[in-house]
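Here is the structure we will look at.
2 protein chains.
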Amino acid sequence: MKNKEEVLSKLPDLASVLTASERRQVLSVMKVETFKKNEPIYSEGDVPSHLLCLISGKVKIYKDGVGGRAQIVRVLNAVEYFGFRAAFAGEDYVTSAAAFEPSVIACIPITLIQDLVMRNARLGWFFIHRLATALGKSDARTVGLTQKHIRGRLAESILFLKDSYGTEDDGETLSIKPSREDMANLSNMTTSNAIRTLSTFAQENLISLDGRKIRILDEPALQKISRIG
Amino acid sequence: MKNKEEVLSKLPDLASVLTASERRQVLSVMKVETFKKNEPIYSEGDVPSHLLCLISGKVKIYKDGVGGRAQIVRVLNAVEYFGFRAAFAGEDYVTSAAAFEPSVIACIPITLIQDLVMRNARLGWFFIHRLATALGKSDARTVGLTQKHIRGRLAESILFLKDSYGTEDDGETLSIKPSREDMANLSNMTTSNAIRTLSTFAQENLISLDGRKIRILDEPALQKISRIG
DNA sequence: GTACCTTTGTGCTGTAAAACATAAAGGAAG
DNA sequence: CTTCCTTTATGTTTTACAGCACAAAGGTAC
Chain X
1 MKNKEEVLSK LPDLASVLTA SERRQVLSVM KVETFKKNEP IYSEGDVPSH
51 LLCLISGKVK IYKDGVGGRA QIVRVLNAVE YFGFRAAFAG EDYVTSAAAF
101 EPSVIACIPI TLIQDLVMRN ARLGWFFIHR LATALGKSDA RTVGLTQKHI
151 RGRLAESILF LKDSYGTEDD GETLSIKPSR EDMANLSNMT TSNAIRTLST
201 FAQENLISLD GRKIRILDEP ALQKISRIG
Chain D
230 MKNKEEVLSK LPDLASVLTA SERRQVLSVM KVETFKKNEP IYSEGDVPSH
280 LLCLISGKVK IYKDGVGGRA QIVRVLNAVE YFGFRAAFAG EDYVTSAAAF
330 EPSVIACIPI TLIQDLVMRN ARLGWFFIHR LATALGKSDA RTVGLTQKHI
380 RGRLAESILF LKDSYGTEDD GETLSIKPSR EDMANLSNMT TSNAIRTLST
430 FAQENLISLD GRKIRILDEP ALQKISRIG
């Protein structure tokens, strides 16, 4: 995985919209880094310097709020680009990123990417599409997190994780194993309430729990709980 | 204001990055529409068909949540583009837009804009910059609205309105006169609590109220309330 | 003017969720 | 193995806020 040509071949869309010479440019300056579980990737206030691409692993993007409580605003699955929003907005990072699981990340200087975007309209469109999709999700999340009650928010988070990371072969067990605190930070609630409400869901046979494994038993019911709030 | 050349001259950045022939294309298909106070501009579920540009007036972008409670996710001031996110993401609208005040809006078919974006990288960059900025604000808003207490959220909204729409000549009176319900929909609270908390702020001499006019008397104090939540 | 409807204002009540308090279980380090 | 620290679990208390109910004020239509 440290082979850069191999990594570049995994970069979807990006490689495909570049010319051969642009691809060579990217390759020559690209760095590949690995991150351990829970290791920080960047932090709020940092100056963005690279376009990042999650080659393998799982990453959470979060914001620290009042009283040190974190809110996870996005989760990333391989293969996905991130870290470019702040640079494109001309801002410092307003969020932090950390590895949910051991992760491999390709880093390309953002200045090079900006140059390429100014010259290659297809590459520009690639980022427009991603930003537009993320903005729609963020707005939807704002409303879901603010207006729904605890059960609705937790149900939403469970379905969100299934949607983002998929399941094991059984089609029911989430392939991510989040801590209770992660669940709380996803769902805008205290850890106590995440634990309590997960237990309640298990008692109601909506899910089953085995340590950090979450198995969805009754998805339609969860969807209903999420929908009505 | 119905003069289209005059309107196009007001479209910042957009006109400046276009070639003369592109400008002619835009002009030939552009429509200018007016909206009355509180008139809907588009609704959740509609298929996006035009890039919109607020020429004059004020607009709110909102989402209807559980129990018919609306959350205002963005407010627009002249001159600002909107309505393109859904089209660029390949989705139907997930928000609704309505005029806060009587407004004039220029409409350009989004298919034309997409064509231009694919050919003109500078135009692409223009939208990237806007989307990236909006996404950062949306994420910040999510955390502010979910984690802060009522007083913090209301203080944040008052400062948000000052930031977005500015003040009268006195530098203190907000130039937008929102209903109490608008304040509630901005701040994620019930109308009763918006009324109550605004009154409390007035009693504490943080603001003064005269009907729908809001005058900021102690901005540092409001900032502190907003910050600590 | 009068009638009617919407918006604003205020008090009261119920409750969802935070805060706090412990304790048990699970992991990591020695 | 034992020790220590983190995570999970559950019960109790407190409180912030939603949900009424109702009254006053302000607009609009006639």
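Just so you know, the sequences run in chain order X and D.
The opening position of the first sequence corresponds to residue 1 in the working numbering, with each subsequent residue numbered one higher.
The opening position of the second sequence corresponds to residue 230 in the working numbering, with each subsequent residue numbered one higher.
Note that CB positions come from ideal geometry on N, CA and C, so glycine has one too.
Only a predicted model underlies this, so the values are computations on that prediction, with no experimental measurement involved.
Residues of its chain near residue i, where Cβ-Cβ distance is below 8 Å and the 5 sequence neighbours each way are ignored
| i | result |
| --- | --- |
| X/R130 | Y81 |
| D/A431 | S437 and L438 |
| X/R119 | none |
| D/L247 | V255, L345, N349 and L352 |
| D/E251 | L345 and N349 |
| X/G150 | Contrary to the premise, residue 150 of chain X reads as Ile rather than Gly in this sequence. The answer, listed in chain order, is S187, M189, N193 and T197. |
| D/D242 | F355 |
| X/A89 | none |
| D/K442 | T402, L403 and K406 |
| D/I290 | I301, V302, R303, V304, L305, F311, T324, S325 and A326 |
Other residues of its chain near residue i: CB distance less than 7 Å, five sequence neighbours each side excluded
| i | result |
| --- | --- |
| X/T190 | A184 |
| D/S278 | P338 and I339 |
| X/K162 | L174 and I216 |
| X/K37 | A99, E101 and P102 |
| D/I424 | R409 |
| X/T167 | T173, L174 and S175 |
| D/A307 | L283, I284, S285 and G286 |
| X/D218 | N205 and L206 |
Selected residue, minimal CA-CA separation from residue i, among the options
| i | options | result |
| --- | --- | --- |
| D/L280 | D/E268, D/V333, D/A316 and D/L383 | D/A316 |
| X/K31 | X/I55, X/K148, X/G45 and X/T19 | X/I55 |
| D/K453 | D/G381, D/T426 and D/R425 | D/G381 |
| X/G211 | X/P220, X/V73 and X/I176 | X/I176 |
| D/F264 | D/S332, D/A423 and D/I342 | D/S332 |
| D/L240 | D/S250, D/A423, D/C336 and D/A299 | D/C336 |
| X/V47 | X/E91, X/P40, X/L14 and X/I150 | X/E91 |
| X/L222 | X/T167, X/L159 and X/Q114 | X/L159 |
| D/S367 | X/A98, X/I128 and X/K63 | X/K63 |
| X/L112 | X/A78, X/R24, X/P40 and X/S9 | X/R24 |
| X/E181 | X/E33, X/I72 and X/Q114 | X/I72 |
| D/R370 | X/E33, X/V66 and X/E219 | X/V66 |
| X/I228 | X/I105, X/I61, X/K148 and X/A132 | X/K148 |
| X/Q114 | D/I334, D/Q343 and D/I357 | D/I357 |
| X/I105 | X/T146, X/P220 and X/E39 | X/E39 |
| D/E262 | D/N232, D/T429, D/T375 and D/A244 | D/N232 |
| D/T375 | X/A70, X/P220, X/A15 and X/A132 | X/A70 |
Neighbour-count burial assignment, residue i, 16 or more Cβ in a 10 Å radius
| i | result |
| --- | --- |
| D/M230 | Because the pLDDT of D/M230 is 49, which lies under 50, any placement of that residue in the model is unreliable, and the question is left without a value. |
| D/E385 | buried |
| D/D398 | exposed |
| X/R74 | buried |
| X/A20 | exposed |
| X/N205 | exposed |
| D/V236 | buried |
| D/W354 | buried |
| D/G297 | exposed |
| D/V288 | buried |
| X/P178 | buried |
| X/S9 | exposed |
| D/R257 | The residue asked about is misnamed: residue 257 of chain D is Ser in this sequence, not Arg. Flag for D/S257 reads exposed. |
| X/S226 | buried |
Close-in-space but distant-in-sequence residues of the same chain around residue i (CB under 6 Å, 5 per side omitted)
| i | result |
| --- | --- |
| D/E401 | R444 and I445 |
| X/G144 | E156 |
| D/S416 | R382, L383 and S386 |
| D/F313 | L280 |
Residue i CB to nearest heavy atom of the ligand NAP below 7 Å
| i | result |
| --- | --- |
| D/A326 | Here there are no bound small molecules, and the ligand NAP is not part of this structure. |
8 Å contact criterion, which residue i and residue j should meet: CB distance rounded
| i | j | result |
| --- | --- | --- |
| D/A363 | X/L135 | 6 Å |
| X/G45 | X/Y93 | 6 Å |
| D/S325 | D/Y271 | 7 Å |
Could you pull out every unbroken alpha helix (DSSP H) segment of at least 4 residues lying fully inside the region 36–120 of chain X, listed in chain order?
85–89 and 110–119
Any beta strand (DSSP E) of 3 or more consecutive residues that is wholly inside the region 375–457 of chain D
436–439 and 442–445
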